[in-house]
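Let me begin by presenting the structure, written as structure tokens, before commenting on it.
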Amino acid sequence: MTHAILKTLGVALIATLPVLASAQLTANVSLTTNYKFRGQDQDLSKNKAVKPALQGGFDYAFGETGWYVGNWNSSVDWLSGNSLEADLYGGYKFKAGGVDLDVGALTYIYPGNSNGNTTELYGAATFGPITAKYSHTLSKDYFAYAGPGKSGRNTGYLNLAFAQEVAPSITLKASVGFTRFASDIAAPNYMDYSLGGAYDFGSGLSLGAAVVGATKKDFFGPANKSRVIVSLTKTL
């Protein structure tokens, strides 16, 4: 029985070698003056414009198959006992006519406080410089917004983004998003926005700057106050 299993695994490995050989691994690291997620500050320890965050991760693409997995991490400070966000994701990219499509799943993990853990399915379509993406919550809670005994499942987030190179090495970027909370969450639906650009120095080094914020400030307070965010990113 063991021999048969080993033989099967051996055959599977040999069949997979061409895919592994053509797989592409990229990594990135960045330093930003503030980390906002869907318009909300991810460091609530102080009300300041500059709250630096160290970020980084990797993406692993399985050659030309369209399949990929990845990980992204950032320092955060909005959950008691936790200082790290670790995202794990995987999906499939393909083309349909002139549209690039991307479907997958993403889990946000907070090692020091699992109350914030959230899992979403997502789907995105890119046509030229425009990308539309929708994320739908599968986990019981949505970043601890619902709380004990209530559900954040079926919270949805829709984002429309624009990115276009307007001059050599200079890319203009803009986006607008809308969060629709599940009925158990006692928070108003809101919109977030970002407007800025990036300069590519070459060799994987880029500098970005944007004005980022969100609506419903009376409810969320300084957490979604507009900020000018500057980030330096190195792709390896």
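Start counting the sequence shown at 4; every next residue gets the next number (this note's numbering). Where a beta carbon is used, it is the ideal one built from N, C-alpha and C, also for glycine.
(message) Please report the straight-line C-alpha distance between Met194 and Arg41, rounded to a whole angstrom.
(response) Locating residue 194 in the sequence shown gives position 191, where the first residue counts as 1. Locating residue 41 in the sequence shown gives position 38, where the first residue counts as 1. Distance between the alpha carbons of Met194 and Arg41: 8 Å.
(message) What residue range does the alpha helix (DSSP H) around Asp221 cover?
(response) Residue 221 sits at position 218 when you count from the first residue of the sequence shown. Its alpha helix (DSSP H) spans residues 220-223.
(request) Express the C-alpha separation of Ala201 and Ile173 in angstroms, rounding to a whole number. (result) Locating residue 173 in the sequence shown gives position 170, counting from the first residue. Locating residue 201 in the sequence shown gives position 198, counting from the first residue. Cα to Cα, the separation comes out at about 6 Å.
(request) Leaving aside the five residues before and after Lys39 along the sequence, list all residues of the same chain whose C-beta is less than 6 Å from its C-beta, in chain order. (result) Numbered from its first residue, the sequence shown carries residue 39 at position 36. For Lys39, where only same-chain residues beyond five positions count, the Cβ hits under 6 Å are Val215.
(message) With distance defined between alpha-carbon atoms, name the residue in Gly119, Val102, Leu109, Ser142 nearest to Ala128.
(response) Along the sequence shown, one-based indexing puts residue 128 at 125. Answer by Cα proximity: Val102.
(message) Between which two residues does the beta strand (DSSP E) holding Asn74 run?
(response) For this step, residue 74 is matched to residue 71 along the sequence shown. From DSSP, the beta strand (DSSP E) with Asn74 extends over 70-78.
(message) So, for Val47: in the same chain, excluding its five sequence neighbours on each side, which residues have a beta-carbon less than 7 Å away from its beta-carbon?
(response) Numbered from its first residue, the sequence shown carries residue 47 at position 44. Correcting the residue identity first, residue 47 is Leu in this sequence and not Val. Contacts found: Asp80, Trp81, Ala226.
(request) Can you give me the Cβ contacts of Thr140 inside the same chain, cut-off strictly under 8 Å, excluding the 5 residues immediately before and after it? (result) Indexing the sequence shown from 1 puts residue 140 at position 137. Thr121, Thr122, Glu123, Gly155, Arg156, Asn157, Thr158, Gly159, Ala185.
(message) Does Gly107 come out as helix, strand or coil in the three-state DSSP assignment?
(response) Residue mapping note: residue 107 aligns to position 104 of the sequence shown, counting from 1. Three-state result, Gly107: strand.
(message) Taking the straight line between their C-alpha atoms, what separation do you get for Gly73 and Thr35?
(response) Sequence index remark: in the sequence shown, residue 73 carries index 70 (1-based). Sequence index remark: in the sequence shown, residue 35 carries index 32 (1-based). Gly73 and Thr35: Cα-Cα distance of roughly 20 Å.
(request) Can you tell me which of the three DSSP states Ala226 falls into? (result) What you label residue 226 is simply residue 223 of the sequence shown in a count that begins at 1. Taken through DSSP and simplified to helix, strand or coil, Ala226 comes out as helix.
(message) Please state whether the Cβ-Cβ distance between Gly207 and Leu163 is less than 8 Å.
(response) For the purposes of this step, residue 207 is taken as the residue at position 204 of the sequence shown. For the purposes of this step, residue 163 is taken as the residue at position 160 of the sequence shown. No, Cβ-Cβ distance for Gly207 and Leu163 is not below 8 Å.
(message) Relative to the C-alpha of Thr68, which candidate in Ser78, Lys51, Lys98 has its C-alpha closest?
(response) Locating residue 68 in the sequence shown gives position 65, where the first residue counts as 1. It is Lys98 whose Cα lies nearest to the Cα of Thr68.
(message) Please return the same chain residues whose Cβ sits closer than 6 Å to the Cβ of Asn37, not counting the five positions on each side in sequence.
(response) What you label residue 37 is simply residue 34 of the sequence shown in a count that begins at 1. Non-local C-beta neighbours of Asn37 in its own chain, meaning closer than 6 Å and more than five positions away in sequence, comprise Lys54, Arg230, Ile232, ordered along the chain.
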